[in-house]
Every structure is written in structure tokens, then in C-alpha cells.
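Here the sequence shown stands for residues 613 to 1001, numbered as in my numbering. For each residue, glycine too, the CB sits at the ideal point set by N, CA and C. Worksheet: one structure, shown below.
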Amino acid sequence: MGNIKKKSLRQRCISITGKIKKQKENRHQSSPPAIPHSTFTTIRHSLNELDFIQTARLRSYSNWPHFIPSGKIMSSNGWFYCNVNDRVICIYCKKICHKWTNTDDPYEVHARLAPECPFVLSITSSSSSNKAPPLITHNLSEKFQPRHTTMCEINQREKSFDNNTWTQTSPSVDDLIKAGFFYSGIGNTVTCFYCGGSLHKWGTNDNPKIEHARWFPNCLYAKHLCGDQLHAKIQIKKKRVTIEKHNIDKETIMRLVNARLDLPIAQRLRTQYSYSIVRRCFEEQWKINHDDFSSDNDLIMACFILQKQIDACQENSNKLIIPSQNQMSISSLKTSKTKLEECIICITEERQLACMPCGHLCTCVICGYALHSCPICRQQIESFVRIYC
């Protein structure tokens, strides 16, 4: 009899415990959804990210200071830009890196530093990856499509200046044609044979190659002619000048930020983040981009990323990693200072372009863009890849 009573009492306790647990679950389900601090799930190395995270990660690179590696490549390999110099963070493994060089591979760095990171595992298990071969830049083989095919050859561009209408002596005709320009016959306007962009009102100290890259940053010929480092410096300088022209004074920023701190989304965020975190995100957005966040999700991710940075740095003061210094082994091809063989066309410049799809490295940039077929195998050229040594 005593055993039966004990058993009955134990059953009632279990029943009551189950009801309490169920009530808690119901209350939890009916409560308003919180802004997620963990917004990913992993299933056998498969990462299911919300669309707004991918969008916000790419948008975070609006002021990324490097051309190589590009913001698009950095984003596709899991790195969020922190808007502090070139500092980036992965929200899954909490690795923070800065001081990137144009030889750093975002995927390789991520995989080396955090091989168990859910994002890295998802890329590793995928058949497609953004990882690029060592010597090739990330702006790979865009389709070779010059706008003015009759002006691809340098001697044809030179002939366009052979009349009495071009009277300028500086910049020199030689510099203009090497920069890809031919004379349009109107005033001092010249046009690029590849992108079709035109420039005029030349000054005596203007460098055609620099001006070409500055005004037409997407021209593939200008990119290849300048090389990644110079092209990136030109774009950074251009962006800095633009920002200085549209700079907003501190008082205006303070007024704009104060107004936005009263918004419902800001009030909601303050239930999860400190006042200083939310305020700083608004301040940085206006200082850097001179505009509101594109969406509430972008603001949410900005607060999330800033909090992750602070947490990571508090855990370890040496958290910032320099990819090139942390690298365990560096390819001898990347560190070699050996000069590339001479261009087989002009026999003066280094070989800088690989013809695609054959892959033969045979010409400099200027000579390569005048060709239609590979001078080694005679296969038709579909695109070029800029090679560095």
C-alpha cells in the first residue's frame, strides 16, 4: 500500500512538472520575436543564411578601401566589413582580420584561421568556390569586347593624331595612345578604344593612364594597364576627394542621429544592445555614407557586428589578425622577384597578360589588346587575365 501511494505521488509530480514546462513553452512561443543573435543553422556542413544577412554583408563594403581583394569576394567568403580601416569579421567564428594585401585570398585565410567555422565548412563542401589561383587577380577573365575594334592596334591609334587639328604637346601623343586613347577629331577630346569613354580639357600635368582609370574605373584595359595596386590607389584617392566635398559637419550629424534614436527600430534595438552601440552605428553611417541605412535589417546587422567586435576584443586583446603575417607558408611564386620574360611582340615590356582560354602568357598589356588570337597557339582570344610576379 505504501509503495502504491509513493508511486501515485511521483506520477502527480511528473504530471505537474510537465504542465509547467508546457506553459513555459507556450509563453515563449507567444512572446514577440527577438532580433536573432544566432541567425544560421548548420546541417551536414550546409549553411542556411537568411537573405538579409547576405545582402547586409555585401552592403557593408560600400566604403571598402581595397580593389583587390574586392568587397564582393570578401563578402562571398563570409567576411563582414567593420568600417574601420580594412578590418573585417566573421559572425560565425568571430575571427577578425585587418591589413589585407592584394595577394591575400579571403577564402584561404578564413579556412586556415577557422577550419571548423560553419561558413567555411559550407563552402568547402560545395562544388563551387570563389577561391582563385595564386598569381591571378580576382577580377578574372572578363569578356574581351572592345568598343572600337579598328583602334585596338597602337599604330592605328597613333594615325588618328596624324593631322593638323591635334595641337597639344602635353600630355604626349605617345602617352595618350599607350593609355588606350585615339583622337576623335573634335577639340582635344580623345576616346578609349576599349570602354568608349572620352576625356577632354587636358592639362599639362595630366597623366593619361591615371586619368583613364580615375574617370572610367570599370574599363578592363585601364585596370590591366595600371595593375591592381595602382588602380586601387587611384580609386581610394577619388573616393576620399568625393567624401571631403560632401562632408557633413558634426552638429548636423548629431541632430540627425538624435532624431533617429527616437525611431521604433532604435527603441527595439536598445532592448538588446546598449545605447552607445545603437548611437555609434547611426553616427558611423552618417559620417561614412552620408545617408540613412538602406533598411532596418542593415541597422540591425550593424549593431550585431559592432557588438561582436567588442566582445571578441574583450575576450582577447590580440584578436586582430594580419593575414599575410599569420600565413603558415607562402608560395615561392608570390615572393619571387624574378622578372617575367619579355613580351614576344615588343620585346621591351614584361609579359603581363595570359590569353584565355589557352592560358599562354606571352604579351604586355598594350600589345595584348591589339591581338585577336594567341601568338603561340593561334587560338582565338576570348579574354585576358592579368598576371603578377
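{"Query": "Local Cβ density within 10 Å of Thr654, reported as buried at 16 or more and exposed below that", "Result": "Note on Thr654: pLDDT 38, under 50, position unreliable in the model; the coordinate value appears next. So Thr654 counts as exposed."}
{"Query": "Same chain, Cβ closer than 7 Å to Ile848, neighbours up to 5 away in sequence not counted", "Result": "Pro677"}
{"Query": "Close-in-space but distant-in-sequence residues of the same chain around Asp903 (CB under 8 Å, 5 per side omitted)", "Result": "Gln897"}
{"Query": "Local Cβ density within 10 Å of Pro681, reported as buried at 16 or more and exposed below that", "Result": "buried"}
{"Query": "Cβ neighbour criterion (16 or more within 10 Å) applied to Ser783", "Result": "What sits at residue 783 in the sequence shown is Pro, not Ser. The residue is buried, with at least 16 neighbouring Cβ atoms inside 10 Å."}
{"Query": "First through last residue of the alpha helix (DSSP H) which encompasses Met686", "Result": "Gly683 to Ser688"}
{"Query": "For Cys893, the three-state DSSP class (helix, strand or coil)", "Result": "helix"}
{"Query": "Where the beta strand (DSSP E) through Arg998 begins and ends", "Result": "Ser995 to Arg998"}
{"Query": "Through-space distance from Ile708 to Asn870, alpha-carbon basis", "Result": "30 Å"}
{"Query": "Whole-angstrom distance between Thr777 and Asp910, CA atom to CA atom", "Result": "54 Å"}
{"Query": "Pairwise C-alpha distance: Asp861 and Gln884", "Result": "30 Å"}
{"Query": "Rounded separation between Ala878 and Val890 - CA only", "Result": "7 Å"}
{"Query": "Coarse secondary structure for Ser810, derived from DSSP in three states", "Result": "strand"}
{"Query": "Own chain partners of Tyr673 with C-beta closer than 7 Å, once the 5 adjacent residues on each side are dropped", "Result": "Gly683, Met686, Ser687 and Tyr693"}
{"Query": "Rounded C-alpha distance that separates Ile934 from Cys986", "Result": "40 Å"}
{"Query": "Distance between beta carbons of Asn675 and Asn695, contact taken as under 8 Å", "Result": "6 Å"}
{"Query": "Simplified DSSP assignment, three categories, for Phe793", "Result": "strand"}
{"Query": "Val802 - containing alpha helix (DSSP H), residue span", "Result": "No alpha helix (DSSP H) holds Val802; the beta strand (DSSP E) holding it covers Val802 to Cys804."}
{"Query": "Sequence-distant residues of the same chain with beta carbon closer than 8 Å to Arg882, five excluded per side", "Result": "Val890"}
{"Query": "Proximal residues to Asn901 (C-beta, below 8 Å), its chain only, five neighbours per side dropped", "Result": "Ser674 and Asn675"}
{"Query": "For Ala982, the three-state DSSP class (helix, strand or coil)", "Result": "coil"}
{"Query": "Nearest-angstrom Cα separation, counted from Val721 out to Trp712", "Result": "10 Å"}
{"Query": "Cα-Cα separation between Leu973 and Cys838, rounded to whole angstroms", "Result": "18 Å"}
{"Query": "Beta-ladder partner(s) of Ile933, from DSSP", "Result": "Cys709"}
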